Ligand SMILES: [Zn+2]
Ligand SMILES: [Zn+2]
């Protein structure tokens with residue numbers, strides 16, 4: 617039996633263990649991927665710390681996967697060995713529950729699968745993925761370039777393109793981290809008048825380099841007042857995980873403006889009067905399904921949007937994970953297998 621290396625967690629709060637496993641065979645409807653790169657996302661801490669209800673160990677995390685199709689199971693007609701693919705957070709759905717029948721696959725009530733949580737993910741040399749969960753990877757993107765787009769990329773791109781903002785509208789991106797540095801690029805390339813909001817004067821150059829027309833330093837300026845000076849935002853995408861920071865920007869929304877929340881903060885203070893008086897709204901956005909990922913990848917090639925990454929070899933997973941958790945990485949952390 618051929619073997620592979622995988623980085624697994626065996627209990628909540630336990631360390632990463634690099635283990636040898638047999639290379640798995642794809643069952644019906646599944647595909648085996650020879651993994652080249654896998655991004656480390658903050659949500660991988662759900663596996664590391666055991667914060668996902670019903671999670672079964674041992675588990676290999678990782679839902680920003682890029683690799684080559686290596687073998688296909690029975691009944692898979694759309695993929696063949698040698699194709700380069702990506703796998704993201706959305707790992708599958710039933711297709712027959714009411715939400716699926718309405719095309720709302722993320723709301724599947726019967727068989728919603730999350731990559732690296734419901735089944736083993738991409739911190740390994742090989743993984744098995746449902747055929748339904750894969751996106752075609754354009755050849756213009758290297759494995760390291762493609763990986764972060766499978767979660768951070770799709771989440772910001774898909775939230776922006778479904779936000780209701782139209783070309784020329786004022787769109788603000790709150791936070792300039794892993795999600796935000798992509799959000800500013802996508803917003804700019806989509807033709808929005810783009811505002812970056814972050815803490816500290818030093819991020820201004822970065823925001824401009826990423827395509828922002830304006831930068832607001834939330835440490836020294838009132839972000840809501842500054843947005844109102846620019847006419848009020850049609851959309852603010854909140855990528856931070858700090859509820860206070862989100863609350864501080866809501867009054868920067870223009871009439872009919874929307875605060876789109878994609879950062880998992882614990883709580884958020886909302887002013888009902890502000891919502892009522894300006895017919896404003898607050899909504900969340902779920903990343904998307906495999907075809908949304910494919911759209912994200914294509915748009916990234918078309919427009920030149922790329923993630924800035926720090927790269928670690930798979931065996932350095934502990935260092936790589938700690939680097940991501942430190943919040944100091946610029947901006948996404950990616951593991952490579954050397955395959
Ligand atoms: Zn993620
Ligand atoms: Zn369903």
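Numbering (the working numbering), first residue to last: 617 to 955.
Glycine included, C-beta positions come from ideal geometry on N, C-alpha and C.
Nothing here was measured: the structure is a model prediction, and the numbers come from that model.
State buried or exposed for residue 697, treating a residue as buried only when at least 16 other CB atoms are found within 10 Å of its CB.
exposed
By the three-class DSSP mapping on this structure, what secondary structure does residue 728 have?
It is coil, neither helix nor strand.
I need the DSSP call for residue 752, collapsed to helix, strand or coil.
For residue 752, the secondary structure class from DSSP, reduced to helix, strand or coil, is strand.
With respect to the alpha helix (DSSP H) encompassing residue 773, which residues constitute its N-terminal and C-terminal limits?
768-777
Starting from the Cα of residue 660, find the closest Cα among 954, 871, 934, 955 and give me that residue.
934
I want to check one thing, is the minimum distance from the CB of residue 657 to the heavy atoms of ligand 2 below 7 Å?
No, Cβ of residue 657 sits at least 7 Å from all heavy atoms of ligand 2.
Quick check: the segment 794-807 against the segment 841-860, are at least 3 beta-carbon pairs closer than 8 Å?
yes
With distances taken Cα to Cα, identify the nearest neighbour of residue 631 among 952, 812, 932, 950.
932
Work out the CA separation of residue 927 and residue 695 for me, nearest whole Å.
28 Å
Measuring from the CB of residue 724, is there a heavy atom of ligand 2 at a distance below 7 Å?
Because some heavy atom of ligand 2 lies under 7 Å away, the Cβ of residue 724 counts as near it: yes.
Just the Cα atoms here: how many angstroms apart are residue 674 and residue 635?
One C-alpha to the other measures close to 11 Å.
Quick check: is any heavy atom of ligand 2 less than 7 Å from the C-beta of residue 784?
For residue 784, the distance from the CB to the nearest heavy atom of ligand 2 is not below 7 Å.
Could you check whether residue 652 and residue 682 sit closer than 8 Å to each other, using their CB atoms as the reference points?
yes
Taking the beta strand (DSSP E) that residue 626 falls in, what are its first and last residues?
No beta strand (DSSP E) contains residue 626, which DSSP labels as neither H nor E.
Can you give me the C-alpha to C-alpha distance between residue 662 and residue 871, rounded to a whole angstrom?
Looking at the two C-alpha atoms, the distance is approximately 37 Å.
In whole angstroms, what is the alpha-carbon distance linking residue 729 and residue 767?
15 Å
Is any non-hydrogen atom of ligand 2 found closer than 7 Å to the C-beta of residue 712, if you look at the structure I gave you?
yes
I want to check one thing, is the minimum distance from the CB of residue 654 to the heavy atoms of ligand 1 below 7 Å?
Answer for residue 654: no, Cβ out of range of ligand 1.
Ligand 1 and residue 679: does the residue's C-beta get closer than 7 Å to at least one heavy atom of that ligand?
yes
With DSSP run on the structure shown, which of helix, strand or coil describes residue 715?
helix
Is the distance from the Cβ of residue 742 to the Cβ of residue 656 below 8 Å?
no
N- and C-terminal bounds of the alpha helix (DSSP H) containing residue 849:
Not the alpha helix (DSSP H): residue 849 falls in the beta strand (DSSP E), residues 849-854.
Inspect the beta-carbon positions of residue 891 and residue 897 and report whether they are closer than 8 Å.
yes
Taking 7 Å as the cut-off, is the C-beta of residue 709 nearer than that to any heavy atom in ligand 2?
Flag set: Cβ of residue 709 near ligand 2.
Assigned secondary structure, residue 892 (DSSP; H/G/I helix, E/B strand, else coil):
helix
Give the secondary structure of residue 669 by DSSP, where H, G and I count as helix, E and B as strand, and everything else as coil.
Coil, per DSSP.
Would you say residue 749 touches ligand 2, meaning its beta carbon is less than 7 Å from a heavy atom?
Result no, Cβ not under 7 Å from ligand 2.
Checking 8 Å against the spacing of the C-beta atoms, do residue 869 and residue 894 come in under that value?
yes
Length of the line joining the Cα atoms of residue 642 and residue 654:
20 Å
Counting C-beta neighbours from all protein chains within 10 Å, is the total for residue 772 16 or more, i.e. buried, or is it exposed?
buried
Is residue 767 a contact residue of ligand 1, with contact defined as CB to any heavy atom under 7 Å?
Within 7 Å of the C-beta of residue 767 there is at least one heavy atom belonging to ligand 1.
Can you tell me which of the three DSSP states residue 947 falls into?
In the three-state reduction of the DSSP assignment, residue 947 falls in the coil class, being assigned neither a helical nor a strand state.
Sequence-distant residues of its chain with Cβ nearer than 6 Å to residue 699 (five each side left out)
685
Let me know if residue 916 comes out buried or exposed under the rule of 16 or more other beta-carbons within 10 Å of its beta-carbon.
buried
Can you name, in chain order, every residue of its own chain whose Cβ lies under 6 Å from the Cβ of residue 958, other than the five neighbours on each side?
The chain is shown only over 617 to 955; residue 958 falls outside these bounds and no answer can be derived.
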